[in-house]
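Mapped onto our numbering, the consecutive letters of the sequence shown carry residue numbers 4 to 287. Ideal Cβ placement from N, Cα and C applies to all residues, glycine included. The structure appears right after this line, and notes come after that.
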Amino acid sequence: MTIVGPRKVKGGAVDPVGLYGAEIDIERWLPIRVSEDGLLRVDIHDVATPGVHKFGSNPDIRTGTVPEDIWDGGGVYPGFIAAALPCEILSDDPNDDDGDTGANTVEVQGLGDDGNMRSVIATMDGVNPVAIGTFFRIFRLIVLTAGASDGNEGTITARTIAGPVTMAQILPFVGQSLMAIFTTSNDFSKAHMVELIAELRANTAQAVAGTIILQARPTGGAWQTKEILEVHSYGGEVILNLAHAPEYMPLTDLRMRAIAVSSAGGLVVSGGFDLKCVERIIPS
Numbered sequence: 004m005t006i007v008g009p010r011k012v013k014g015g016a017v018d019p020v021g022l023y024g025a026e027i028d029i030e031r032w033l034p035i036r037v038s039e040d041g042l043l044r045v046d047i048h049d050v051a052t053p054g055v056h057k058f059g060s061n062p063d064i065r066t067g068t069v070p071e072d073i074w075d076g077g078g079v080y081p082g083f084i085a086a087a088l089p090c091e092i093l094s095d096d097p098n099d100d101d102g103d104t105g106a107n108t109v110e111v112q113g114l115g116d117d118g119n120m121r122s123v124i125a126t127m128d129g130v131n132p133v134a135i136g137t138f139f140r141i142f143r144l145i146v147l148t149a150g151a152s153d154g155n156e157g158t159i160t161a162r163t164i165a166g167p168v169t170m171a172q173i174l175p176f177v178g179q180s181l182m183a184i185f186t187t188s189n190d191f192s193k194a195h196m197v198e199l200i201a202e203l204r205a206n207t208a209q210a211v212a213g214t215i216i217l218q219a220r221p222t223g224g225a226w227q228t229k230e231i232l233e234v235h236s237y238g239g240e241v242i243l244n245l246a247h248a249p250e251y252m253p254l255t256d257l258r259m260r261a262i263a264v265s266s267a268g269g270l271v272v273s274g275g276f277d278l279k280c281v282e283r284i285i286p287s
C-alpha cells in the first residue's frame with residue numbers, strides 16, 4: 004500500500020507509521036470538477052488527497068485452475084478471516100535472519116482488531132516464527148533491511164498462528180508482497196476507486212485472452228463483481244479510469260480475480276487498483 008500526502012495528524016504531530024494523508028481535524032472530501040458533459044467527476048490528480056495503490060501478480064494461471072486471485076501465493080486468497088487473530092512471520096530460508104545475508108527486518112501492513120490501519124516491523128529469525136501481534140487483515144509485506152544478498156533469500160510468510168492461514172507472502176528476492184487484495188479501514192469514512200489495471204503475459208508465443216474482475220464484499224455481505232476487464236492478443240494490458248469513482252465503505256474487502264484464461268500452458272496475470280480516501284471527522 005502506498006499512501007500519498009503529508010504525514011501529519013491532529014495537532015500537527017508527525018504520524019510515525021505514515022498511514023494518514025493530511026491533517027484530519029475535519030472530514031476532507033475528494034476534489035470535484037464539472038466535466039464537459041456536465042457531470043461531477045473526481046479530480047484524481049490532487050495528490051493532497053490520501054491515496055492507496057495496490058498491485059499484485061499471479062505467476063501461473065491456467066484454464067483448469069480458474070478462478071484464481073491476483074496474488075503471488077496463487078490460487079484463491081485465503082486471508083479474509085472472520086475475526087482478528089494472533090499472527091506470526093517466518094521464512095523458509097535460515098538466511099532470512101537478523102544479522103545474516105538475507106532479509107533482516109520486514110514491515111507488516113494491515114488492519115488491527117479495531118479495523119484501523121496497523122503497521123509492525125518484525126525482526127526476522129529465519130525459519131523460526133516471530134510473533135507480530137493480532138491482525139484482522141494483512142495486505143502488504145515489505146523487506147526493509149537485508150544482509151549481503153540485499154533481499155529475502157527465501158519465501159517469507161505472514162500467517163495466523165492458529166491454522167495456520169497464510170495472510171501474505173514475499174517470494175525470494177522480490178522484496179515485497181504482490182497482492183491485488185485490500186480491505187478499506189475504519190481510519191477513513193469511505194474510499195473511492197479511481198483506476199484499475201490488468202495484464203496478461205504468456206509463457207510461450209501464443210494468442211491468449213483472459214477475463215479479470217474486481218470484486219467487493221461489504222461487512223456481513225457477499226462478494227459482488229464491480230468491474231470486468233478483458234485482455235486479449237499475445238499478452239497486453241488494460242487500464243480502466245473510473246471517472247464515476249465508485250465508493251466503498253469501511254471494512255469492505257476488495258480483490259482482483261481471474262475467472263477465465265485461454266491458455267492451458269499457464270499465464271502470468273497481474274493487476275492493481277488505486278483508491279482515494281475520505282477522512283473521518285475528529286471532534287475537537
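Could you give the distance in angstroms between the alpha-carbon of D18 and the alpha-carbon of Q112?
Below a pLDDT of 50, predicted positions are generally treated as unreliable, and D18, at 38, falls in that range; no measurement from the model is reported.
Cutoff 6 angstroms; reference T163; Cβ partners in own chain excluding five residues on either side:
L88 and C90
Can you give me the start and stop residues for the beta strand (DSSP E) that S152 sits inside?
That residue, S152, is in no beta strand (DSSP E); it is neither H nor E in DSSP.
Within 8 angstroms (strictly less), CB to CB, does Q172 reach chain B?
The structure shown has no chain B; it contains just one protein chain.
In terms of DSSP beta bridges, what is N107 paired with?
In the DSSP output, where bridge partners are listed per residue, N107 has none listed.
Taking L181 and S60 to be in contact with their CB atoms under 8 angstroms, please state how far apart those CB atoms are, rounded to whole angstroms.
5 angstroms
Under the three-state DSSP convention, the category M127 falls into:
coil
Once DSSP output is grouped into helix, strand and coil, what is the label at H56?
strand
Within 10 angstroms of the Cβ of H195, are there 16 or more other Cβ atoms? Answer buried if so, exposed if not.
buried
Roughly how many angstroms lie between the CA atoms of I216 and G102, to the nearest whole one?
42 angstroms
If R258 sits next to A183, beta carbons under 8 angstroms apart, how far is it from one beta carbon to the other, in whole angstroms?
7 angstroms
Out of K279, I262, I141 and D153, which has the shortest C-alpha to C-alpha gap to G67?
I262
Alpha carbon of V234 to alpha carbon of V79, nearest angstrom:
20 angstroms
Rounded to whole angstroms, what is the Cα-Cα separation between E202 and G239?
6 angstroms
Within the same chain, show all residues whose beta-carbon is closer than 8 angstroms to that of V133, passing over the 5 residues directly before and after it, in chain order.
E91, I92, L93, A125, T126 and M127
Whole-angstrom distance between A85 and L147, CA atom to CA atom:
29 angstroms
Can you grab the Cα-Cα spacing for the pair K229 / D190, in whole Å?
23 angstroms
Apart from the five residues just before and just after F142, which ones in its own chain have a Cβ nearer than 6 angstroms to its Cβ?
G113, I184 and F185
For W74, does the three-state DSSP call read helix, strand or coil?
strand
By alpha-carbon positions, which one of E250, G129 and F139 ends up nearest to T158?
G129
By the DSSP assignment, the beta strand (DSSP E) with A263 in it spans what residues?
D256 to V264
Using C-beta distances below 6 angstroms, list every residue in its chain close to L254, excluding the 5 sequence neighbours before and after it, in chain order.
G118 and T222
Could you tell me which of G224, G268 and Q218 sits nearest to G274, measuring between CA atoms?
Q218
Can you tell me which of the three DSSP states I84 falls into?
coil
Excluding the five sequence neighbours on either side, which residues of its own chain have a C-beta within less than 6 angstroms of the C-beta of G115, listed in chain order?
R121
Enumerate in chain order the residues of its own chain whose CB-to-CB distance from T104 is below 6 angstroms, with the five nearest sequence positions on each side excluded.
N98, G150, A151 and S152
Using DSSP with H/G/I as helix, E/B as strand and the rest coil, what is S188?
coil
According to DSSP, is F138 part of a helix, a strand, or is it coil?
strand
Given that a residue counts as buried once 16 or more other Cβ atoms are within 10 Å of its Cβ, and exposed if not, what is Q179?
buried
Determine the burial state of G82: buried for a count of at least 16 other Cβ atoms within 10 Å of its Cβ, exposed for fewer.
buried
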